[in-house]
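Engineer: Residue numbers (numbering that gives the first Met the number 0), protein chains in the order written: chain H, 0 to 288; chain Y, 0 to 301.
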Amino acid sequence: MTSIANTQRRPLFFRRLGDRILAAFSYLSILIAVGGMGWILYTVLLNGAQALTPDILSSASKPYGEPGGGIANALLGTLLITAGATLLAVPPALAAGIYLAEYGKGNRAADLLRFCANVLMGLPSIIVGLFVYVLIVVPTGNFSGFAGTVALAIIMFPVIMRTTEDMMAMVPDTLRESALALGMTRMRTTLCIIARAAKNGLATGVLLSLARVSGETAPLLFTALFADTWPSGFFTEPTANIPVLITEYTTNSPFESMHALGWGAALVISVTILCINIATRCIFHEQKH
Amino acid sequence: MQQTDRCFRFACLACAALAGWLMLGVFVQLGAHSAAAWQRFGLGFLCSAEWDPAQGIFGAAPAIVGTLLTTLLALLFAIPLSFVAALFVTEAPDCLARPLSQAIDLLAAIPSVIYGMWGLFVLAPIMQDHVQPLLAAIPGSTRLLGEDDNGFGFLTAGLILSLMILPYMSAVMRDVFRMTPPMLREAAYGAGCTRWEATKDVVMRYGIRGILGGIFIGMGRALGETMAVLFVIGNMMQLPEGLFSGGTTIAATLANNFAESQGLEQSALFALGLILLLMSFGIQVAAQYYLHLTGAKRGEAR
Numbered sequence: 000m001t002s003i004a005n006t007q008r009r010p011l012f013f014r015r016l017g018d019r020i021l022a023a024f025s026y027l028s029i030l031i032a033v034g035g036m037g038w039i040l041y042t043v044l045l046n047g048a049q050a051l052t053p054d055i056l057s058s059a060s061k062p063y064g065e066p067g068g069g070i071a072n073a074l075l076g077t078l079l080i081t082a083g084a085t086l087l088a089v090p091p092a093l094a095a096g097i098y099l100a101e102y103g104k105g106n107r108a109a110d111l112l113r114f115c116a117n118v119l120m121g122l123p124s125i126i127v128g129l130f131v132y133v134l135i136v137v138p139t140g141n142f143s144g145f146a147g148t149v150a151l152a153i154i155m156f157p158v159i160m161r162t163t164e165d166m167m168a169m170v171p172d173t174l175r176e177s178a179l180a181l182g183m184t185r186m187r188t189t190l191c192i193i194a195r196a197a198k199n200g201l202a203t204g205v206l207l208s209l210a211r212v213s214g215e216t217a218p219l220l221f222t223a224l225f226a227d228t229w230p231s232g233f234f235t236e237p238t239a240n241i242p243v244l245i246t247e248y249t250t251n252s253p254f255e256s257m258h259a260l261g262w263g264a265a266l267v268i269s270v271t272i273l274c275i276n277i278a279t280r281c282i283f284h285e286q287k288h
Numbered sequence: 000m001q002q003t004d005r006c007f008r009f010a011c012l013a014c015a016a017l018a019g020w021l022m023l024g025v026f027v028q029l030g031a032h033s034a035a036a037w038q039r040f041g042l043g044f045l046c047s048a049e050w051d052p053a054q055g056i057f058g059a060a061p062a063i064v065g066t067l068l069t070t071l072l073a074l075l076f077a078i079p080l081s082f083v084a085a086l087f088v089t090e091a092p093d094c095l096a097r098p099l100s101q102a103i104d105l106l107a108a109i110p111s112v113i114y115g116m117w118g119l120f121v122l123a124p125i126m127q128d129h130v131q132p133l134l135a136a137i138p139g140s141t142r143l144l145g146e147d148d149n150g151f152g153f154l155t156a157g158l159i160l161s162l163m164i165l166p167y168m169s170a171v172m173r174d175v176f177r178m179t180p181p182m183l184r185e186a187a188y189g190a191g192c193t194r195w196e197a198t199k200d201v202v203m204r205y206g207i208r209g210i211l212g213g214i215f216i217g218m219g220r221a222l223g224e225t226m227a228v229l230f231v232i233g234n235m236m237q238l239p240e241g242l243f244s245g246g247t248t249i250a251a252t253l254a255n256n257f258a259e260s261q262g263l264e265q266s267a268l269f270a271l272g273l274i275l276l277l278m279s280f281g282i283q284v285a286a287q288y289y290l291h292l293t294g295a296k297r298g299e300a301r
């Protein structure tokens, strides 16, 4: 209260000035946020469009220093790794979310697990890479695409778990009560009524987490590694993938042609991720109204 | 019937417990694998600045200081920006606010490796050609900035990080501002407050915990970010001499050295990982605490 009393003693001119400055600053901050995004996308589009040819999209990458080559093997590898991660993460994550939403109200264990999931969501992805290195790479004795899959699945798991919980908690309790009153078991109520009502929300959660992990690089550095070959031994050999290709070609190479390949790969991955994001948002937004 | 129900509940609990096991597993594994380094160097590992794989001497100080410095710089730029951006989005008319907040959310969707690439090919040259000569011309600034002028270093990394964490912080703050009861704000306007005064004295005080939670979320992001930093930090195992000098962070050190490391070096890298894990765990707990108090949702996965 004292501060409001104080401000009234200041001349109106200065108070208005402060207000104007804040307004100008807020325009500036929006400009930086949106302009920064525009700038990054513009750079990627410009350089990527120049580099991207049908030839690059259909041929495999070549060893360091050899001219030519493409990104097709890395594209296939990324597709395999993320698809595997989705298969691995979605079923348990959905079940975990169901537990938190349906059985976890006022339950100590559920509170603890929810907290764990929240913390896991914020853990640096490179730590997950270290963890999976110990978990998979050391026992099997080699880097593999599968290890990358596990790393991405671990990152996806808490995200899907928490969105599933939020989405299922949004379904009104009257639906639960009606289903139970008809004599359905908890399991059938949850799977046939609640999960169905929350269907779109669940799909949104899965798709957004998929978009998020498909660009993750750090956990793949020690798990999937990189290769110049087509992904032949998914469980036994290092597997080519787009994010690590971008890293390798831009940081460790002086060749313009490799930088161009990196930009092409960057364009492909950014466009894919942004499309998934925008499409999910649009679909979910329509469903809400 | 009862039986299947109980099985279903148990199966769901088992899946949910995975979150706990993962959390525990990360700590145990990193602790176990870094044991050799802790035994060899003790707590001196934290303050030694020497990193010499050839002689088997490892110290974590450059990486820790670098991590803290980049995070601090990122927060310095991102806190005011995300605060007023969130304010703008809550106050703007709906037709403007919705596309803008969607655009800011999309900023979070761009993969970090793209940020890194952009930093390497676009921001670093700009820093080298325009920003660094400008700042270096200020008398006495070399003590703060250091002598290097190649466009890489902590300042560039901090700028990219701030752009990366802005959407996360802004999303949390937006939620917090929206939760302020309109009546409070209207009362402030009724008492003759300008918009800035209403924000400062009413909205900010009401939502201070949520704002803190948002800041911690952004801090956690900045602390563990690997790729965006790796591209522009310079990757030198040395204590920072100034904002323009090259250095390293924990995450960047891991990304650079881990795949080829073995023996004691690998153990030292695991120890670095454990330090990063503890730091970000602490920050996450703080973030959860403040956000739990306000009941705000996290700025992720939206």
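Note that CB positions come from ideal geometry on N, CA and C, so glycine has one too. Values in this document were obtained by computation on a predicted structure and should not be read as measured data.
1) Would you kindly report the start and end of the unbroken alpha helix (DSSP H) that includes H:Trp229?
2) What residues in the stretch 44-67 of chain Y have a beta carbon less than 8 angstroms from any beta carbon of chain H?
3) Return the residues of the stretch 48-70 of chain H that lie within a Cβ-Cβ distance of less than 8 angstroms from chain Y, sorted by chain order.
4) Give every residue of the same chain whose Cβ lies closer than 8 angstroms to the Cβ of Y:Gly272, excluding the five residues on either side of it in the sequence, and list them in chain order.
5) Looking at chain C, is there any beta carbon in it that lies within less than 9 angstroms of the beta carbon of H:Pro138?
6) Distance check for H:Ala178 and Y:Arg301, CA to CA, integer angstroms please.
7) Of all Cβ atoms in chain H, is any one closer than 9 angstroms to the Cβ of Y:Ala300?
8) Is Y:Ala18 close to chain H, meaning its C-beta is less than 9 angstroms from at least one C-beta of that chain?
9) Between which two residues does the alpha helix (DSSP H) harbouring H:Val136 extend?
10) Taking C-alpha atoms, which residue in H:Lys198, H:Val137 and H:Leu151 lies nearest to H:Met166?
11) Going by DSSP, which residues form a beta bridge with Y:Phe57?
12) For H:Thr162, count neighbouring Cβ atoms within 10 angstroms of its own Cβ and tell me buried if that reaches 16, exposed if not.
13) Within this structure, are the beta carbons of Y:Gly262 and H:Leu134 separated by less than 9 angstroms?
14) What is the DSSP secondary structure of Y:Gly303, counted as helix, strand or coil?
15) From Y:Arg97 to Y:Leu17, what distance separates their C-alpha atoms?
16) Could you check the C-alpha separation between Y:Ala197 and H:Gly35 for me, to the nearest Å?
17) I want to verify the contact list: residues of chain Y whose CB lies under 8 angstroms from the CB of H:Cys191, in sequence order.
18) Taking 9 angstroms as the threshold (beta carbon to beta carbon), is Y:Gly206 in contact with chain H?
19) Measure how close the beta-carbons of H:Thr246 and Y:Met236 come, nearest whole angstrom, since I'm counting them as under 8 angstroms.
20) So, are the CB atoms of H:Phe234 and H:Thr85 less than 9 angstroms apart?
21) Please identify the residue among H:Leu56, H:Thr203 and H:Ser213 whose C-alpha is closest to the C-alpha of H:Phe283.
22) Among residues of its own chain, excluding the 5 on either side of Y:Glu302, which ones have a beta-carbon nearer than 6 angstroms to its beta-carbon?
23) With a CB to CB cut of under 6 angstroms and the five nearest residues on each side skipped, what residues in its chain are close to Y:Glu49?
24) Are the C-beta atoms of Y:Arg220 and some chain H residue less than 9 angstroms apart?
25) Can you look up Y:Gly233 in the DSSP assignment and give me helix, strand or coil?
26) For chain Y, is any of its Cβ atoms less than 9 angstroms away from the one on H:Gly128?
27) Specify, as a first and last residue, the run of the alpha helix (DSSP H) that H:Val205 falls within.
28) Please classify H:Gly76: does DSSP put it in a helix, a strand, or coil?
29) Taking Cβ to Cβ, would you say Y:Met116 is nearer than 9 angstroms to H:Thr271?
30) Can you pull the DSSP bridge partners for Y:Gly246?
31) Output the distance between the C-alpha atoms of Y:Pro124 and Y:Ile232, rounded to the nearest integer angstrom.
32) Can you tell me whether Y:Met182 is buried or exposed, with buried defined as 16 or more other CB within 10 angstroms of its CB?
33) Could you compute how far the alpha carbon of Y:Gln303 sits from the alpha carbon of Y:His291?
34) Can you name the residues of chain H whose CB is closer than 7 angstroms to the CB of Y:Glu240?
35) In whole angstroms, what is the alpha-carbon distance linking H:Leu16 and Y:Thr193?
36) Please report how far the alpha carbon of Y:Gly298 lies from the alpha carbon of Y:Ile164, in whole angstroms.
Structural biologist: Straight from the coordinates:
1) From DSSP, H:Trp229 is part of no alpha helix (DSSP H); its letter is neither H nor E.
2) Listed in chain order, the positions of the stretch 44-67 of chain Y with a beta carbon within less than 8 angstroms of a beta carbon of chain H would be empty, since no residue qualifies.
3) For the stretch 48-70 of chain H, the set of positions with a beta-carbon nearer than 8 angstroms to some beta-carbon of chain Y is empty.
4) Cβ neighbours of Y:Gly272 beyond the five flanking positions: Leu29, Ser33, Ile249 and Leu253.
5) Of the protein chains in the structure, H and Y, none is chain C.
6) Low confidence applies to Y:Arg301: its pLDDT is 35, below 50, so where it sits in the model is not reliable, and the reading given next is rough at best. When the Cα atoms are used, Y:Arg301 and H:Ala178 turn out to be separated by approximately 30 angstroms.
7) Any reading at Y:Ala300 must be qualified, since the residue scores a pLDDT of 36, below 50, and its modelled position is unreliable; no value is offered.
8) Interface residue, yes.
9) In the DSSP assignment, H:Val136 falls outside any alpha helix (DSSP H) and carries neither an H nor an E.
10) If we check each option's Cα against that of H:Met166, H:Lys198 comes out closest.
11) Per DSSP, the beta bridge partners of Y:Phe57 are Y:Trp50.
12) Buried: at least 16 other Cβ atoms inside 10 Å.
13) The beta carbons of Y:Gly262 and H:Leu134 sit no closer together than 9 angstroms.
14) Coverage of chain Y is limited to positions 0 through 301, which leaves residue 303 of chain Y absent and any answer about it impossible.
15) If you take the alpha carbons of Y:Arg97 and Y:Leu17, they lie about 37 angstroms apart.
16) Here the alpha carbon of Y:Ala197 sits roughly 29 angstroms from the alpha carbon of H:Gly35.
17) In chain order: nothing, as chain Y lies at least about 12 angstroms away.
18) Output row for Y:Gly206: interface = no.
19) With 8 angstroms as the limit, H:Thr246 and Y:Met236 do not qualify as a contact, their Cβ atoms being about 20 angstroms apart.
20) One thing to note: H:Phe234 has its Cβ no nearer than 9 angstroms to the Cβ of H:Thr85.
21) If we check each option's Cα against that of H:Phe283, H:Thr203 comes out closest.
22) Residue 302 of chain Y lies beyond the stretch modelled for chain Y, which goes from 0 to 301, so this question has no answer here.
23) Excluding positions up to five away in sequence, the list reads Ile56 and Gly58.
24) So yes, Y:Arg220 belongs to the interface.
25) The answer is strand: DSSP assigns Y:Gly233 an E or B state.
26) Residue-level contact check: H:Gly128 touches chain Y, since one or more beta carbons of chain Y fall below 9 angstroms from its beta carbon.
27) Start and end: Lys198 to Ser213.
28) Looking at H:Gly76 - three-state DSSP - the assignment turns out to be helix.
29) Note that the C-beta distance between Y:Met116 and H:Thr271 is not below 9 angstroms.
30) Its beta-bridge partners are Y:Gly233.
31) The alpha-carbon atoms of Y:Pro124 and Y:Ile232 are separated by roughly 13 angstroms.
32) Counting other Cβ atoms within 10 Å of its Cβ, Y:Met182 stays below 16 and is therefore classed as exposed.
33) In the structure displayed, chain Y extends from 0 to 301; residue 303 of chain Y sits before or after that span and is not available.
34) Neighbours of Y:Glu240 in chain H, taken as residues whose beta carbon is under 7 angstroms from its own, are absent, since the nearest beta carbon is some 23 angstroms off.
35) Cα to Cα, H:Leu16 sits roughly 10 angstroms from Y:Thr193.
36) Below a pLDDT of 50, predicted positions are generally treated as unreliable, and Y:Gly298, at 41, falls in that range; no measurement from the model is reported.
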